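Quick note, the sequences are listed as chains A and B, same order. With positions in the first sequence counted from 1, the corresponding number in this note's numbering is that position plus 7. With positions in the second sequence counted from 1, the corresponding number in this note's numbering is that position plus 8. No residue lacks a Cβ here, since even glycine has one placed at the ideal position from N, Cα and C. Model, not experiment: these values are computed from the prediction. Here the structure is laid out as structure tokens; the discussion comes afterwards.
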Amino acid sequence: MQGERKLMTFKEAIHQTPDVTDSWRQGLQALRAEDRPHVVAEDTRRLRGSADIDTAVLSKEPNANRWDFGIAYQHEDRNDEVIYWTEMHTGSDSEVKVVIKKAQWLVNWLKKSAPKLNAFECDIVWVSSGATSMTLSSPQQKLMAQVGLRHVGSKLRIKNKRG
Amino acid sequence: MALADGVRARLLTKEFRVLFSKYELDPVLTAAHDTGMPPPSKKPKPPVLRTKTQHLQVRNFGPIKSADITFGNLTVLVGPQASGKSILLQLLKLLVDTAQVKYEFRRAGVDWDDEFKLFMEVYFGEGMQRLFTSKSEMHLGSPEFFIKGDIKNEFKIDSRPSKQRIDLRDLVSKTKPRKQEKLFFVPAQRVLTLRGGWPDAFSYYESGVPFTVREFSEELRLLMTDAASDETLFPVPRRLKQEYRDLLKQHLFPGFDLKIDSNRAQKRLVLSASDGGGALPFMVWSAGQREFVPLLLSLYHLLTPAKTARRKGVEWVVIEELEMGLHPRAISVVMLMIFELMQRGYRVCISTHSPQVLEAVWALKHLRKSGANGRALLEVFNAPMTPGMIALADKVLKKSAKVYYFNRESGTTRDISQLDPEDEFDGESGWGGLSEFSGRANEVVARAVANAGRKEADDI
């Protein structure tokens, strides 16, 4: 039962994952300064930290399509923390395949190297770092959804209620 | 240091161009600005621009509490059922064509004896007399755009529609009947006008049927009166561009020609197998064919084969729900023909529930912004790259398109022309609800896939 024992936090899971063990930062501090405005939390006090996965895994997998960040949030309608796996990338239909490869890398990495992090409820989101030219109904969105990825435009808006 | 008049005039012109580009206006500069600066005075008035843009403002009319529509070369209305789109378009027809509406009614022997409520019933249809109340207001005209501000600072643009209020009762009562119509209306109920395979006369319909349906039926009837038995209506050389004919043949009438035949002396429309096989009467056609044929006949009427670009006197074209019954490929062909109407100078208004129509408008806007040429637009529609089509697409890229969302809950309209998928207002980012479902499906599926097979962290 979830309510009867202390649930693992994002911070603890990061510490227990060898690839990224020193990567946890408070709030959005793991994100590059230019990327932080792209994440809008309804209540910043509910942020449970962030981690720069890309930099942490660089030496181990220099040629891989690595994923950018993990951001944890405590929603008011959940007991556990939710991780928003976030890729800051150019928002263009032509980049869909690249970001899908990155998402596939993330899923494999979570399974093989980060089982503690893989246990969290999560969203895998692509945030446009530039102007977006994608529409909600484009077939690429369907392709992305099938691998668990969704494009959220130039802002990741995290609301208090996950729903 | 004061700038020389000529330099300031050039700067002003440049600033105006930026504004026109931003707001997609069609500028007609006042004479004062054509020659440079406004006449000097102690309190210089803000420069005033007149535009060809038409503005319709409606308050408290049926489900519409407040609507402000500035028409572009193409104007698209979206929103849920019963949000007031059709009522607004019918009202537009009445305001633009009061004289012709009265002419048609008089010709059909419809007389409301100057009783306005009865007029509302016969014009908008049975049960619609309560659309108009003592609080109803409407304005139709060219707004004046006042541009305020110093040339060095950002200009503020403020549209102020004509303050002259239209008294609908007076307008209907005092306007003299006249035959010439300015607005051609293709109603959503168009398929009903051909239910017997041949359009009925205006006076055939009960007086509770909306004017726009009765008139459309009459227009089709007149259009077909002179057609001979056994005449082919589609494909016909010199009727529509060859490219449209090919696309329509491919997507709407594969293996068939549209013809008139005679059944016991009664002329009727049929689809006749191109290889000489049997004729199919109206009721056995596909839904898309039944919906499209009235639209095709309308396009024959509007896209005149002569050297004149437009049907004499007609300036506006309204098409309700152009996508009805059509496969997306057929919708693309119809959109190309909408572009043809725009290119010929018609001001086109359509209502739609089709995300594809908004995709087309979105593509049009972004291609224009990025300076793409007509070929790119044709590529969107998978249309043939013939010189005629390229020229058409090049011209259409210069035209303005506006999109309005009708909010049923608030009874208001909102300009969502930017169709910005990132806009905080759901009505714009979800394109008036047309892409909302797709967006939600993507989100739910992505979340389910991302969390498939997850185990509790403490169990690992």
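The three-state secondary structure of A/Gly137, taken from DSSP, is coil. For the segment 225–253 of chain B, the set of positions with a beta-carbon nearer than 9 Å to some beta-carbon of chain A is empty.
Taking all protein chains in view, the Cβ of B/His335 is surrounded by fewer than 16 other Cβ atoms within 10 Å, so the residue is classified as exposed. In this chain, B/Ile77 is not harboured by any alpha helix (DSSP H); it is covered by the beta strand (DSSP E) spanning 72–78.
If only complete runs of 4 or more residues are kept, the segment 36–101 of chain A shows the alpha helix (DSSP H) at 60–64, in order along the chain. Excluding five sequence positions before and after B/Glu348, the CB atoms of its chain that fall closer than 7 Å to its own CB belong to Leu311, Leu400, given in chain order.
Between A/Lys109 and A/Glu94, the CB-CB gap stays under 8 Å. In the three-state reduction of the DSSP assignment, B/Val452 falls in the helix class. Residue burial annotation: A/Ser135 is buried, with at least 16 other C-beta atoms found within 10 angstroms of its C-beta. Apart from the 5 residues on each side of it in sequence, B/Arg352 sits with its Cβ closer than 6 Å to the Cβ of Ala317, Arg318 in its chain, given in chain order. Comparing C-alpha distances from B/Lys93 to each of B/Tyr412, B/Leu427, B/Glu451 shows the shortest one belongs to B/Tyr412. Interface annotation for the segment 74–91 of chain A against chain B: Asp87, criterion Cβ-Cβ distance under 9 Å. Taking 8 Å as the CB threshold, B/Arg422 stays off the interface with chain A. When B/Asp265, B/Ala273, B/Ile174, B/Arg272 are compared, the shortest CA-CA separation from B/Gly284 is found for B/Asp265. The residue among A/Met15, A/Gln148, A/Arg169, A/Thr24 with its C-alpha nearest the C-alpha of A/Lys119 is A/Thr24.
Fewer than three beta-carbon pairs drawn from the segment 244–253 of chain B and the segment 224–232 of chain B are found closer than 8 Å, and the two stretches are therefore not classed as touching.
At least 8 Å separates the CB of B/Asn415 from every CB of chain A. The residue from B/Tyr213, B/Thr78, B/Gln89, B/Leu148 with its alpha-carbon nearest to that of B/Glu417 is B/Gln89. At a cut-off of 8 Å, the C-beta of B/Val457 has a neighbouring C-beta in chain A.
As DSSP reads the structure, B/Pro289 sits in a beta bridge with B/Val278.
Annotation: B/Ile424 is outside any beta strand (DSSP E) and is labelled neither H nor E by DSSP.
When secondary structure is reduced to three states using DSSP, B/His335 falls in the coil class, being assigned neither helix nor strand. The criterion of a C-beta distance shorter than 8 Å is satisfied by A/Ile90 and A/Gly77.
About 6 Å separates the beta carbons of A/Arg157 and B/Asn450, which is inside the 8 Å limit, making them a contact pair. Under the 8 Å criterion on CB atoms, A/Val134 is classed as non-interfacial with respect to chain B. Taking 8 Å as the cut-off, the beta carbon of B/Phe261 is found closer than this to the beta carbon of B/Leu279. Neighbourhood of B/Arg462 in chain A, by CB distance below 9 Å: Asn125, Ala126, Phe127, Glu128, Cys129, in chain order. Counting C-beta pairs closer than 8 Å gives three or more between the segment 173–193 of chain B and the segment 97–115 of chain B, which meets the contact rule.
Under the Cβ criterion (8 Å, minimum of three pairs), the segment 72–91 of chain B does not count as touching the segment 185–198 of chain B. For chain B, the residues of the segment 147–159 of chain A that bring a beta carbon within less than 8 Å of one of its beta carbons are Gln148, Lys149, Met151, Ala152, Gln153, Val154, Gly155, Leu156, Arg157, in chain order.
If you check the CB distance, A/Lys162 and B/Glu436 do not come in under 8 Å. A straight line joining the alpha-carbon of B/Tyr212 with that of B/Phe140 spans about 27 Å. With a cutoff of 8 Å on beta-carbon distance, B/Thr183 and B/Lys275 are scored as not near each other.
Bridge partners of A/Trp31 according to DSSP: A/Ala58. Within the same chain, and ignoring the five residues on either side of B/Val322 in sequence, the residues whose Cβ sits closer than 8 Å to its Cβ are Glu189, Lys190, Leu191, Phe192, Leu310, Tyr354.
Secondary structure at B/Val322: coil, using DSSP grouped into helix, strand and coil.
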